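I have placed the structure first, in the form of structure tokens, so that the comments after it can refer back to it.
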Amino acid sequence: MIIEKLRTVLAVGENVAVEFKRCGNGIGIDTYETVCSFLNRFGGDIYLGIEDNGTVCGVPKYAAPDMVKNFINIVSNSEIINPTVYLTPEIVEYDGKHIIYIHIPPSSEVHSCKKVIYDRMGDADVKISATGQIAQMYIRKQKIYTEKKIYPYVTDEHLRLDMLPLLRQMAINRFQAHPWKNLSDSELLQSAGLIGEDFETGQRGYNLAAVMLLGRNDVIKNVCPTYRTDALLRKINTDRYDDRLIVETNLIDSYEQLMLFSEKHLWDKFYLEGDARISLRNAIAREILVNTLMHREFTSSYIAKFVIEKEQMTVSNANRAERNSLITPDDFEPNPKNPIIAAFFRNIGMADELGSGVRNLYKYSKRYSGSDPKLTDGDIFTIVVPLNDSFSFDAETDKAQNKAQIKRSKNDGDCALSEIAILNYLRENPNATQVDAAKAISKSRRAVQETIAELKEKGLLEREGAKKNGRWIVKR
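For the sequence shown, position 367 matches number 432 in this note's numbering, and the numbering has no gaps at all.
Here it is as structure tokens:
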């Protein structure tokens, strides 16, 4: 299995989860830096005895067992790797050369190599020293959802409970028999998971999800001091902005304000889906804005952004990444970063079932601008939607239909001319063969055979007598 995997790895080369080390003079400290970065990111594989360009040079056969022992001792030394790890390298023979293969799983801890924290960025091991970057790494390692954090001193007066009747009605409009219909306000909050209990401390009360969804602005500011969404228009003044909106309110009102910003600055192109007109602008803006509101990491200091430019619009927000890759409809597994908030948005009809947002975004972006969006899942989650003011799906469809009609008309015309030419020729030469007719009208024999068959079906042509000595009779 390792040999088969190695063939594929050598063809692809180094990446965020693969590292080659030559190790001509033994295992260097840079190998342990890579171990550290893989532990801190998504895990990966190290191959000792392969050059950076993928050339297999191997390690000395006699030295390989000692190299493995030395490696195990060093990763178990807290002075080198802290916290220590237990890894089991394997010696593999490939094309007559010996390679040491080491698999590093992702760790739930933040590790350092010689007291320096490393992270994996692309195919490089990067030193991490900034407080914000280290904090983001700890966020990624957390086993619990931060939206579940309990705030025991948050009471009803700290929340916008006056919003509940509207939110309840939104849920009923989406599903007439919605469970919230007959629940009291306190029962609704309990049902939505906005009241929780910390089983380690015994604390019970409103959680972070409740504060972000329904909190008063001053309460949100105290709980998440860096929370905000910065909406910018940059079409003329690209260095600064042409228009700006800073949103620092609860998630429900934030959605409304950001949607109004998008409606103000994006074209609403004509588009029919079946017999109904669909607002492509609103459909796309809804997907990207709902995503950045309900899937962000609220404890991060990164400020979420919604930027509209001439050729694209972008949303970006802090994220607890589980991988570092592009997201497509074919390579996507729904994984809500804040399941309580995501469920609340689905209940009130602001979001659909998990996974539908990505499919809708690809579908409507293609119709809005003629190009696919780009979704990147990393510590900063980004969505880039291309913009093309001159593109119209409706107009492009009409052009395609017109071209098809012209082609059909041309083909019909060609067929009619061929039929007339054959009839005229056979009227004057009733004893001619199909080969003779093909030469006379400059068509292939097969084309003439097909046309004669159609003329017979239409009753315009008959064959009289034997195949060799017969003759053609033109009816009309």
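C-beta: ideal position from N, C-alpha, C; glycine also. Here the structure is a predicted model, which means the values were calculated and not measured.
Quick check on the DSSP output: what are the complete alpha helix (DSSP H) runs of length 4 or more inside the segment 248-332, in order along the chain?
250-256, 273-279, 282-288, 316-330
What are the start and end residues of each continuous alpha helix (DSSP H) run of 4 or more residues lying completely inside the segment 345-389, in chain order?
345-359
Helix, strand or coil, according to DSSP, for L452 in the structure here?
Sequence index remark: in the sequence shown, residue 452 carries index 387 (1-based). In the structure shown, L452 adopts coil according to DSSP, grouped into three states.
Could you compute how far the alpha carbon of R281 sits from the alpha carbon of A189?
Here residue 281 refers to the residue found at position 216 when the sequence shown is read from its first residue. Here residue 189 refers to the residue found at position 124 when the sequence shown is read from its first residue. Rounded to whole angstroms, R281 to A189 spans 44 Å at the Cα level.
Considering only DSSP beta bridges, list what V121 is partnered with.
Here residue 121 refers to the residue found at position 56 when the sequence shown is read from its first residue. DSSP, once it has assigned bridges, lists I115 as partnering V121.
Reduced DSSP secondary structure (H/G/I, E/B, other) of Y166
Here residue 166 corresponds to residue number 101 of the sequence shown, with the count starting at 1. Three-state DSSP puts Y166 in a strand.
Note the first and the last residue of the continuous alpha helix (DSSP H) segment covering Y127.
The residue given as residue 127 occupies position 62 in the sequence shown. Taken as a continuous stretch (DSSP letters only), Y127 belongs to no alpha helix (DSSP H), as it is neither H nor E.
Classify T196 as buried or exposed, calling it buried when 16 or more other Cβ atoms lie within 10 Å of its own Cβ.
For the purposes of this step, residue 196 is taken as residue 131 along the sequence shown, with counting starting at 1. Classification of T196: exposed, given that the 10 Å Cβ count is below 16.
Using three-state DSSP, classify G187 as helix, strand or coil.
If you number the sequence shown from 1, residue 187 lands on position 122. In this structure, G187 counts as coil in the three-state DSSP scheme.
Along the chain, where does the alpha helix (DSSP H) that runs through E98 open and close?
For the purposes of this step, residue 98 is taken as residue 33 along the sequence shown, with counting starting at 1. Bounds of the alpha helix (DSSP H) holding E98 are 94-105.
Three-state secondary structure (DSSP) of S430:
In the sequence shown, residue 430 corresponds to position 365, counting from 1. In the structure shown, S430 sits in a helix (DSSP, three-state: H, G or I).
Endpoints, alpha helix (DSSP H) assigned at D442
Taking the first residue of the sequence shown as 1, we reach residue 442 at position 377. Looking at the DSSP string, D442 is not in any alpha helix (DSSP H); the run it does join, the beta strand (DSSP E), is 439-442.
Expressed to the nearest angstrom, what Euclidean distance is found between the alpha-carbon atoms of Y336 and T393?
Within the sequence shown, residue 336 is the residue found at index 271, counting from 1. Within the sequence shown, residue 393 is the residue found at index 328, counting from 1. Going from the Cα of Y336 to the Cα of T393 covers about 24 Å.
As assigned by DSSP and simplified to three states, the class of R87
Position 22 of the sequence shown, counted from the first residue, corresponds to residue 87. In this structure, R87 counts as coil in the three-state DSSP scheme.
Indicate whether the contact test is met: 3 or more Cβ pairs, each with one atom in the segment 152-160 and one in the segment 122-141, closer than 8 Å.
yes
Can you list, in chain order, the residues of its chain with a C-beta nearer than 6 Å to that of G478? Leave out the 5 residues immediately preceding and following it.
In the sequence shown, the residue the question calls residue 478 occupies position 413. Because the pLDDT of G478 is 46, which lies under 50, any placement of that residue in the model is unreliable, and the number read from its coordinates should be weighed accordingly. Closer than 6 Å at the Cβ level, and outside the excluded window around G478, lies no residue.
Pick from A407, T516, T303, V500 that is closest to L259, judged by C-alpha positions:
Within the sequence shown, residue 259 is the residue found at index 194, counting from 1. Comparing Cα positions, the closest option is A407.
The segment 94-106 contacting the segment 157-165, beta-carbon criterion three pairs below 8 Å
The segment 94-106 is not in contact with the segment 157-165.
Alpha helix (DSSP H) containing I405: first to last residue?
Counted from its first residue, the sequence shown places residue 405 at position 340. Where I405 is concerned, the enclosing alpha helix (DSSP H) stretches over 404-412.
Quick check on the burial criterion: 16 or more other C-beta atoms within 10 angstroms. Buried or exposed for P495?
For the purposes of this step, residue 495 is identified with residue 430 of the sequence shown, where counting begins at 1. With fewer than 16 Cβ atoms within 10 Å of its Cβ, P495 is classed as exposed.
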